[in-house]
Amino acid sequence: MTMDFRIEKRLTGKLGRAGTLTVPHGVIETPAYVVVGTKGTVKSVDSAQVKEAGAQVVLSNTYHLYLQPGDEAVKKMGGLNKMMNWSGPSMTDSGGFQVFSLGAAYKKGISKVLQVTDPSLLIPERFDDSDAPRLAKIGQDGVSFTSHIDGSVHYITPEKSIQIQHNIGADIIFAFDECTSPNEDLKYQGEALERTHNWARRSLEEHIKLENQKSFSDTSQSIFGIVQGGRDEELRKKSAKFISEVEVEGKKFDGFGIGGSFAKEDMQTAVKWVNEILPEDKPRHLLGIGEPEDLFMGVESGVDLFDCVLPTRLGRNGTLYTKEGKIHITNTEYRLDTKPVEEDCPCYTCTHYSRSYICHLFHGKEMLAGTLSSIHNIHFLVNLVKKIRQSILDENFAEFKESFLNKYKQ
RNA sequence: GCGCCGGUCGUAUAGUGGCAAUUACACGAGACUGUAAAUUUCGCGGCUUCGGCCUACGUUGGUUCGAGUCCAACCCGGCGCA
Numbered sequence: 219m220t221m222d223f224r225i226e227k228r229l230t231g232k233l234g235r236a237g238t239l240t241v242p243h244g245v246i247e248t249p250a251y252v253v254v255g256t257k258g259t260v261k262s263v264d265s266a267q268v269k270e271a272g273a274q275v276v277l278s279n280t281y282h283l284y285l286q287p288g289d290e291a292v293k294k295m296g297g298l299n300k301m302m303n304w305s306g307p308s309m310t311d312s313g314g315f316q317v318f319s320l321g322a323a324y325k326k327g328i329s330k331v332l333q334v335t336d337p338s339l340l341i342p343e344r345f346d347d348s349d350a351p352r353l354a355k356i357g358q359d360g361v362s363f364t365s366h367i368d369g370s371v372h373y374i375t376p377e378k379s380i381q382i383q384h385n386i387g388a389d390i391i392f393a394f395d396e397c398t399s400p401n402e403d404l405k406y407q408g409e410a411l412e413r414t415h416n417w418a419r420r421s422l423e424e425h426i427k428l429e430n431q432k433s434f435s436d437t438s439q440s441i442f443g444i445v446q447g448g449r450d451e452e453l454r455k456k457s458a459k460f461i462s463e464v465e466v467e468g469k470k471f472d473g474f475g476i477g478g479s480f481a482k483e484d485m486q487t488a489v490k491w492v493n494e495i496l497p498e499d500k501p502r503h504l505l506g507i508g509e510p511e512d513l514f515m516g517v518e519s520g521v522d523l524f525d526c527v528l529p530t531r532l533g534r535n536g537t538l539y540t541k542e543g544k545i546h547i548t549n550t551e552y553r554l555d556t557k558p559v560e561e562d563c564p565c566y567t568c569t570h571y572s573r574s575y576i577c578h579l580f581h582g583k584e585m586l587a588g589t590l591s592s593i594h595n596i597h598f599l600v601n602l603v604k605k606i607r608q609s610i611l612d613e614n615f616a617e618f619k620e621s622f623l624n625k626y627k628q
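Residues in the first sequence are numbered consecutively from 219, following the working numbering.
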């Protein structure tokens, strides 16, 4: 058994559903918010704290672990879970996102989610910036990366990414893809999609080959294919169809990632196009998303898994989630505020510390600031998705969504 | 008492004739979506119809078209000699 996905309840009239996803390291109740631990650590938070904050599953990164400490080292340490003392379900991203973040987006201030109201802003910036500095360059067969750590050059192919992910040993691994920049033109999006599809097939082939080589004592892994296609309906649908149907030795992808960068406004339409095509009986993961409003949108559009760096990144940088919206805990108004971050929040941070203390920790540049803040943010977002799940089971999703979003100011 | 050195935005500094004045920290407000992020941006004398205007480098006066910068006196601090 590699993976078992069961749908318990559906949202009537919508694509959403609540279910359970069972993998070798445990059960994930879906929809679920996956916590990101890029280098085999959820930044500033220990695995026990991650668990206490309610997280069910952690996602690490192939590229980063390959560079440091090296996938062989991870394997030697007993695999990702053992290495980071995480007993629950685990995933690795393929390195595809780094094709974007270290490539087209490198030093350009382009982010995964673009907040634009004017669609013309999304139209081509692509004249020829091929000589722009970047650490990732797309080649014939794969991508060459210049290590940001020591400048060494590494060529990552789909096969290589899958081999690394097998050494790392997470429960769920992802096909190697190209996450395109939101301001690439349609022609480029089409070419990139061909490449991603080609890489998807090769990823699946390599995965099956490696699974076939495993012995009984080895833990089996599942692989998710990634749907791309930018903001174009035709490309998105074509990709959803291809990724769900591609087959090697009679085997298909175990689940799906929905990747790429979006204008906030088109995210929902893109997700719907895709999820209307993807097979219902397999899990779908919206990669790199998101914010509370994105979670409601995603769930009702048929997403089962989300992951995002926001809880930890924002936490480390002094922004904390509350039911009324995000607050900047370093601001003067919290200096003498002895209330917890959230009055009725059961997380470790809120049950033990005050806003004023966390404000003080940030001003004093104390490491604990990032830890306590990350714990709260993880709890907030993970728990929000758990509540969304419960609302599907209780058949009051719409009411919950409305009451939450009414209070929550973006 | 004599001599030398020094007094610049909260702090520490840069600045030897064109300066609302450098840099760092502190302070203030933002940003962050599959993590090159404990990162990063902006602001930090006042007013403004955004063209400027006013007030500012210990104090007072002077030289100069123009002074934080040169001169004089004074005040304050440090060091040395009596």
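From the three backbone atoms N, C-alpha and C, an ideal C-beta is built for every residue, glycine too. Owing to the predicted nature of the structure, the values given are computational and were not obtained by experimental measurement.
Same chain, Cβ closer than 7 Å to residue i, five either side skipped, listed in chain order
i           : result
residue 423 : 466
residue 538 : 544, 545, 547, 559, 591, 594, 595
residue 366 : 353
residue 227 : 235, 236, 610, 611
Sheet register partners of residue i (DSSP bridge)
i           : result
residue 309 : 277, 390
residue 526 : 253
residue 362 : 355, 373
residue 236 : 227
residue 246 : 239
residue 481 : 332
Segment limits, alpha helix (DSSP H) that includes residue i
i           : result
residue 437 : Neither: residue 437 is in no alpha helix (DSSP H) and is coded neither H nor E.
residue 631 : Given a span of 219 to 628 for the chain in the structure shown, any question on residue 631 remains unanswerable.
residue 406 : 404-430
residue 222 : Unbroken run through residue 222 is the beta strand (DSSP E), 222-228; no alpha helix (DSSP H).
residue 503 : Note, residue 503: premise wrong, no alpha helix (DSSP H); beta strand (DSSP E) at 502-504.
residue 322 : Here residue 322 belongs to no alpha helix (DSSP H), and DSSP marks it neither H nor E.
residue 451 : 451-463
residue 593 : 585-611
Own chain residues within Cβ distance below 8 Å of residue i, not counting five before or after
i           : result
residue 344 : Residue confidence is low: residue 344 scores 47 on pLDDT, short of 50, so the model does not pin down where it sits. Its coordinate-derived value is still stated next. The residues are 401, 402, 403, 406.
Proximity below 8 Å, CB of residue i to CB of residue j
i           : j           : result
residue 528 : residue 509 : yes
residue 307 : residue 222 : no
residue 310 : residue 279 : yes
residue 376 : residue 360 : yes
Candidates the options, of which the one nearest residue i by Cα
i           : options            : result
residue 318 : 330, 530, 245      : 330
residue 600 : 268, 222, 434      : 268
residue 276 : 244, 518, 615      : 244
residue 417 : 350, 446, 429      : 446
residue 379 : 420, 413, 415      : 420
residue 396 : 479, 626, 371      : 479
residue 240 : 626, 255, 500      : 500
residue 475 : 441, 517, 627, 333 : 441
residue 242 : 626, 438, 570, 229 : 438
residue 325 : 232, 350, 413      : 350
Chain-order list of residues whose beta-carbon lies under 6 Å from that of residue i (same chain, five-residue window excluded)
i           : result
residue 580 : 536, 548, 587
residue 281 : 313, 316
residue 521 : 502, 504
residue 459 : 495
residue 615 : 229, 609
Residue span of the beta strand (DSSP E) that contains residue i, given as start and end
i           : result
residue 232 : No beta strand (DSSP E) holds residue 232; DSSP gives it neither H nor E.
residue 567 : Where residue 567 is concerned, there is no enclosing beta strand (DSSP E), although the alpha helix (DSSP H) it sits in stretches over 566-570.
residue 538 : 537-540
residue 516 : Segment 510-518 is the alpha helix (DSSP H) holding residue 516; no beta strand (DSSP E) there.
residue 544 : 543-546
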